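There are 2 protein chains.
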Amino acid sequence: MLPISFFPDRPLTVAVLGASGAVGQELLQLLQERSFPICELRLLASARSAGHVEPWNGSSLVVQEVSEAAFEGVDLVLASAGGSVSRQWRQVINSAGALMIDNSSAFRMDADVPLVVPEVNPEAVAEHQGVIANPNCTTILLTLVLAPLAARRALRRVVVSTYQSASGAGARAMEELKQLTQVVLAGETPCSEVLPHSLAFNLFLHNSPLMANSYCEEEMKMVNETRKIMGLPDLRFTATCVRVPVLRAHSEAVNIEFDEPFPVEEARQLLKVAAGLELIEDFEQNRFPMPTDVTDRDPVAVASHSAGHQ
Amino acid sequence: MLPISFFPDRPLTVAVLGASGAVGQELLQLLQERSFPICELRLLASARSAGHVEPWNGSSLVVQEVSEAAFEGVDLVLASAGGSVSRQWRQVINSAGALMIDNSSAFRMDADVPLVVPEVNPEAVAEHQGVIANPNCTTILLTLVLAPLAARRALRRVVVSTYQSASGAGARAMEELKQLTQVVLAGETPCSEVLPHSLAFNLFLHNSPLMANSYCEEEMKMVNETRKIMGLPDLRFTATCVRVPVLRAHSEAVNIEFDEPFPVEEARQLLKVAAGLELIEDFEQNRFPMPTDVTDRDPVAVASHSAGHQ
């Protein structure tokens, strides 16, 4: 779906910025699994992580400290080291002639930065000016579901409640969940350091700052990014983002109102064939998507459960 | 709020039916904590639990097998042994002259059975004909929030997503969650026996049968019971009920549309003073209700978080 000439027709020099983080590790895994055409891979991170050795295609690579020189000759930078790191290095990266695909929230809402979900709005990449942004995790799942439905009937209003795993807060949050769960099981009182509260057998509103409108930042990311990706700046959309004691994979309960009646069977067929989705629903067995279904897998599991007319 | 003559002005003979279950245990605890006026307490259960000894007010009581004779002279039966047990003993209980307060779903939607949340519709008890039903757990939380708001502005539509703890599935489900969590932490594959799937670091649609309309039974209980309690048979209301790996206390993300604008501050003040509720919200600290706030406590914690205009 990308323009044919988007990248030169040769293996690329790729840098992963934030190679030691939870997302960086997943990126390395995917680049190998998908045989991404790479002639040279540079693993970049903060000074703290420099020197770490990461396995790569049967061999290994040493993580380097990020620097101006590290981007020389690079074609593509996959950045996932947080918004401030992305902001700090954007100019250097673009001056080196590299395209930055940024997983942070730094530039997502900038008018000159395409915000892309490949299955939803691949055409947007053509307008990039050196940076393509990747949306927030919860936004990706949602737009994969909204896009095929919105292509058939206009959306009137969307209400989402999320069930977000510890993985979204990084590898340390996952470790903390496991550790504090042990503490609770031992009958002791858990005390969190990574997340603001103990997530062990508990849940809480997403740990991002509250905004003036009383939504948390994660919720407004979801609202604003979805509107941008879908090209629906006025979409009525409210989200409640909750962190739950799941290690990996976010879930969402999504209620969508359409301008016209939308037969459930028609919606189900659309979801069944939509790119990036896997329909998991067995009404007799009460078997619908669970985090353990999708952990370490690519497709987003979806069901048309409770698609009623209320 | 009860009619003054609802009960005789003397300590009552009370039977707890299902005294050995998770809810029965909570009932015994509450009867003691609240110094409920009891002259004789009978603990009744299936043959399997007969003979168990339960602590009671510094002494102890032996659980008896439920029988016709066990209800003789009883004023009040608190039943929480499942719908089939309630159905089986209703006639016997009423013939013995006792009032049955039933926690099962057996009679909730019957026209001659008041379905009561004391803070919401206490007046409904006056119409009882031997049975007063107690709604489903998720319905109680929700109506405590809806009632004070609906008294001020007409409800247009309600969308709820639940985050339900293992406790709702009983003591064995709570034990299973703890045990399977240990299994996952040990790096092994959990295999559930009580709940249909392992809840350890996982979540799934509520484990109740699916209905013809593609909602699960738990969701339709919530919809139908809420409509009955609120006296709004046509209320537009959809629910998605999800079991999460929390031990105790259900949570709900509730989105309410009103017919007219409802200033958030006005709603907040109503929730702050409403019976049965405790407002927990600190926008600066991102501190909102969590299951661990309310475990072993009576009030339902509520926040006006993300009360926007979408």
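Sequences listed follow chains E and R, in order.
Take 1 as the starting number for the first sequence in the UniProt record's numbering and just add one per residue.
Take 1 as the starting number for the second sequence in the UniProt record's numbering and just add one per residue.
We put the beta carbon where it would ideally sit given N, CA and C, even for glycine.
Every value quoted in this text rests on a predicted model; they were computed, and no experiment measured them.
Residue i in three-state terms, based on DSSP
{"i": "R/Gln-164", "result": "strand"}
{"i": "E/Gln-64", "result": "strand"}
{"i": "R/Thr-138", "result": "helix"}
{"i": "R/Met-220", "result": "helix"}
{"i": "E/Phe-71", "result": "helix"}
{"i": "R/Glu-266", "result": "helix"}
{"i": "E/Leu-176", "result": "Correcting the residue identity first, residue 176 of chain E is Glu in this sequence and not Leu. Helix at E/Glu-176."}
{"i": "residue 312 of chain E", "result": "With chain E covering 1 to 310 only, the question about residue 312 of chain E has no answer from this structure."}
{"i": "R/Val-300", "result": "strand"}
{"i": "E/Asp-282", "result": "strand"}
{"i": "E/Val-294", "result": "helix"}
{"i": "R/Val-273", "result": "helix"}
{"i": "R/Val-145", "result": "helix"}
{"i": "R/Ala-151", "result": "coil"}
{"i": "E/Ala-133", "result": "strand"}
{"i": "R/Phe-288", "result": "coil"}
Cβ-based neighbour list, residue i, same chain, cut-off 6 Å, excluding 5 preceding and 5 following
{"i": "R/Leu-180", "result": "Pro-190, Ser-198, Ala-200"}
{"i": "R/Leu-210", "result": "Cys-216"}
{"i": "R/Asn-121", "result": "Ile-229"}
{"i": "E/Thr-240", "result": "Ser-161"}
{"i": "R/Ala-171", "result": "Ala-22"}
{"i": "E/His-206", "result": "Cys-216, Glu-218, Cys-241, Arg-243"}
{"i": "E/Ala-81", "result": "Leu-17, Gly-18"}
{"i": "R/Phe-107", "result": "Val-113, Val-131, Ala-133"}
{"i": "R/Val-183", "result": "Pro-190"}
{"i": "E/Asp-9", "result": "none"}
{"i": "E/Val-125", "result": "Pro-114, Val-116, Ile-132"}
CB of residue i within 8 Å of CB of residue j, strictly
{"i": "R/Ala-274", "j": "R/Leu-142", "result": "no"}
{"i": "E/Ala-98", "j": "E/Val-131", "result": "no"}
{"i": "E/Val-300", "j": "E/Gly-276", "result": "yes"}
{"i": "E/Lys-178", "j": "R/Leu-185", "result": "yes"}
{"i": "R/Tyr-163", "j": "R/Val-242", "result": "yes"}
{"i": "E/Arg-227", "j": "E/Phe-237", "result": "yes"}
{"i": "E/Leu-78", "j": "E/Val-16", "result": "yes"}
{"i": "E/Thr-138", "j": "E/Glu-26", "result": "no"}
{"i": "E/Leu-31", "j": "E/Leu-76", "result": "no"}
{"i": "E/Asn-94", "j": "E/Asn-134", "result": "no"}
{"i": "E/Glu-176", "j": "E/Leu-195", "result": "yes"}
{"i": "E/Ile-69", "j": "E/Arg-42", "result": "In the sequence under discussion, the amino acid at residue 69 of chain E is Ala, which differs from the Ile named in the question. Against a cut-off of 8 Å, the Cβ pair of E/Arg-42 and E/Ala-69 comes out as no contact."}
{"i": "E/Asn-255", "j": "R/Thr-292", "result": "no"}
{"i": "E/Val-159", "j": "R/Val-159", "result": "yes"}
{"i": "E/Ser-165", "j": "E/His-250", "result": "yes"}
{"i": "E/Ser-208", "j": "R/His-305", "result": "no"}
{"i": "R/Val-62", "j": "R/Ile-38", "result": "no"}
{"i": "E/Gln-29", "j": "E/Leu-44", "result": "no"}
{"i": "residue 336 of chain R", "j": "R/Ala-111", "result": "In the structure as shown, chain R begins at 1 and stops at 310. Residue 336 of chain R is therefore absent and cannot be evaluated."}
{"i": "E/Val-86", "j": "E/Asn-136", "result": "According to the sequence displayed, residue 86 of chain E carries Ser and not Val. Taking 8 Å as the Cβ cut-off, E/Ser-86 and E/Asn-136 do not qualify as a contacting pair."}
Nonlocal neighbours in the same chain, by C-beta distance under 8 Å from residue i, ignoring five residues either side
{"i": "R/Ala-303", "result": "Leu-279, Ile-280, Glu-281, Phe-288, Pro-289"}
{"i": "E/Ser-5", "result": "Because the pLDDT of E/Ser-5 is 49, which lies under 50, any placement of that residue in the model is unreliable, and the number read from its coordinates should be weighed accordingly. Contacts found: none."}
{"i": "R/Phe-262", "result": "Leu-149, Arg-152, Arg-153"}
{"i": "E/Ser-60", "result": "Val-53, Glu-54"}
{"i": "E/Ala-173", "result": "Ala-166, Ser-167, Val-194, Leu-195, Leu-199"}
{"i": "E/Gln-91", "result": "none"}
Cβ shell of residue i (< 7 Å), same chain only, five flanking positions each side left out
{"i": "R/Ala-154", "result": "Phe-258, Asp-259"}
{"i": "E/Asn-57", "result": "Gln-32"}
| request: List in chain order: all unbroken beta strand (DSSP E) runs of 3+ residues lying wholly within the segment 203-259 of chain E. | output: Within the segment 203-259 of chain E, complete beta strand (DSSP E) segments of at least 3 residues are found at 236-240, 251-258, given in chain order.
| Counting pairs of Cβ atoms below 8 Å between the segment 34-52 of chain R and the segment 17-24 of chain R, do you hit three or more? | They touch, by the three-pair rule.
| request: With a floor of 3 residues, list each beta strand (DSSP E) that falls wholly inside the UniProt domain "Semialdehyde dehydrogenase NAD-binding" (13-128) of chain E, ordered by position along the chain. | output: Every unbroken stretch of the beta strand (DSSP E) spanning 3 or more residues and falling wholly within the UniProt domain "Semialdehyde dehydrogenase NAD-binding" (13-128) of chain E is given here in chain order: 38-45, 53-56, 59-62, 76-79, 99-102.
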